[in-house]
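Here our numbering is used: the first residue of the sequence shown is 2, the next is one more, and so on.
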Amino acid sequence: MRLVRDLGRRKLRSTLTITGIAIGIMALVVFGSMANKMNALIGGGSKYYQGKIVVSVGSMYTGGVQPMALSDVEKIQKVAGVAVATPSVSMMLSTTGGASMGVPDMITGSIPNGDKGLETFKIDIAQGRELNDGDANSKVTVLGSDLARELNASVGGTVTLRDQKFTVVGIWAPTLTAPDKSAYVPLAAAQDLLVGSLPPLMQSKVTASEIVTEVTVYPVAGVSPETLKTRLEALLGKDYTIMTGKDFDAMLGSFSAIFTMVLTGIALLSLLVGGLSTINTMAMSVAERTREIGIKRAIGASRWRIRREIVVESAAIGLIAGLIGLAIGAAMTFLFNDLGRPSGNVLFDLTLGTAVTAIVFSTVLGAIAGFVPAWHASGMDPVSALRYE
């Protein structure tokens, strides 16, 4: 109660101080949640590429992927160190190529069980079933959780993928990564969709069953992906993009570093604004309570007790500001996610770690900012403090 009373003595000053820190903590929560989502996507991609190689023509990350001949799979399979080479087709769901703030909706076609059990990136099925060998010539699909929500799809129903109807046989559990926004279909169906997306002049020159967009290569046990990449480069030449886990991490790992730098910048900004504001508030508080501090010292209060009172009061300001900032930041992330969910743009992932970090950071910030005024207050001469007007 005494702590609340002390803060209430200067309502406007305390409110402004709390507001300053709360704004910084709110920014920390929002940007931290965005960084969490981005890191989850990058981490999922890194896990997907672990222990395998993906071969394509052009860049799958700039939208410049070009069809490649299915016959390339046979050549790749014959390379020493290749255990399995399985073809697939990947394309954006939208034919207009509209901008997306997150991972775009994708269609991926592959041969069910084509990895021969070597795939390590496993996704749990939430409803229905996975694709199987009997689906090879069927128009069926398994949807990621976000895409299923976006299309308002359910198992047994139908969805339209690039103007063709597909029956939904399964929905995957959320992964917080790219598969959440993907539709997985049999390879033959994806090949038909791919040909349909080509210019009319090219459509007449290709056969759907003879083209793919990428080949996933699984090395033999004991053969490193980097060694196998060198052999594939020698076979295929410079027109092919050969991606390993290390390549993926080198290409997209910098994004994680950038978000970390942004997060650090926001934290430092809140430290500067909130810290200086708290120091000013507590310094003014000490000046206004000089006689009170003198009386406490005169009747036997130790220097440590004076310091503790000031620091605890300052930490309380930081704690209150942190709770307010966390509440506002959490409300913003939930609101933005709800607004973006119909279009598949879920950009924030507020974790318990981010929330706890925000509260601890603001409380420690307040305590540190109050240390200098507390030290000054504890060093006052009791007689001089009692004479203070």
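Where is the CB? At the ideal position from N, CA and C, for every residue including glycine.
In the DSSP annotation of this structure, the continuous segment of the alpha helix (DSSP H) that includes Pro-201 starts and ends at 201-204.
Contact between the stretch 250-262 and the stretch 10-26 is absent: fewer than 3 CB-CB pairs across the two stretches fall below 8 angstroms. Annotation: the stretch 324-360 contains no complete segment of the alpha helix (DSSP H) (minimum length 4 residues). The three-state reading of DSSP puts Thr-245 in coil, since its state is none of H, G, I, E or B. If you look at Pro-88, you'll find it in the beta strand (DSSP E) that goes 83-93. When the five nearest sequence neighbours on each side are left out, the beta carbons in the same chain lying within less than 6 angstroms of the beta carbon of Ala-36 are those of Phe-260 and Leu-264, in order along the chain.
Judged by DSSP secondary structure, Gln-128 falls within the beta strand (DSSP E) whose first and last residues are 126-129. Annotated three-state conformation of Lys-166 is strand, per DSSP.
By the beta-carbon neighbour count (other beta carbons within 10 angstroms, threshold 16), Ser-210 is exposed. Distance from the CA atom of Ile-112 to the CA atom of Glu-120, rounded to whole angstroms, is 13 angstroms. Counting along the chain, Ala-184 sits inside the beta strand (DSSP E) bounded by residues 183-187. Thr-142 is positioned such that its CB atom lies closer than 8 angstroms to that of Phe-167.
Residues of the same chain with a CB within less than 6 angstroms of the CB of Ile-267, apart from the 5 flanking positions on each side, are Ala-28, Leu-29 and Phe-32 in chain order. In this model, Thr-16 and Ala-316 are separated by some 14 angstroms (Cα to Cα). Val-221: not part of any alpha helix (DSSP H); DSSP gives it neither H nor E. When DSSP states are grouped into helix, strand and coil, Leu-144 belongs to the strand group.
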